[in-house]
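Mind the numbering: the sequence shown is residues 2 to 65 in the numbering used here, read in order.
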Amino acid sequence: MEKKLRVIVENCPQNHNCPSVKICPVGALTQEGFQAPVVDDEKCIRCGKCSSFCPKKALVLEEL
Ligand code: SF4
């Protein structure tokens, strides 16, 4: 089953350093200032670590 990480910007309060950026094992998440993080689909291995870590459910691993 193919998956894709989706960033739900509305769920992110955008007022803090995203803790999930450090959780990602392949450095696929980046953040500019306090904006919602951005995923690099080329790097992301769809492991789901960030989505289970984000308390606001702003990172969702979707099945396509
Ligand atoms: S799903 Fe895994 S590889 Fe992809 S951005 Fe999240 S932590 Fe990184």
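Beta carbons are placed, not taken as given, at the ideal position from N, Cα and C, and that holds for glycine.
Note that the structure is predicted; figures quoted are calculated from it, not measured.
Query, Result
"So is the beta-carbon of K23 under 7 Å away from any non-hydrogen atom of the ligand SF4?", "no"
"For K44 versus V22, is the C-beta spacing smaller than 8 Å?", "no"
"At a cut-off of 7 Å, is R47 close to the ligand SF4 when judged by its beta-carbon and the heavy atoms of the ligand?", "yes"
"Verify whether the separation of the beta carbon atoms of V8 and A37 is less than 8 Å.", "yes"
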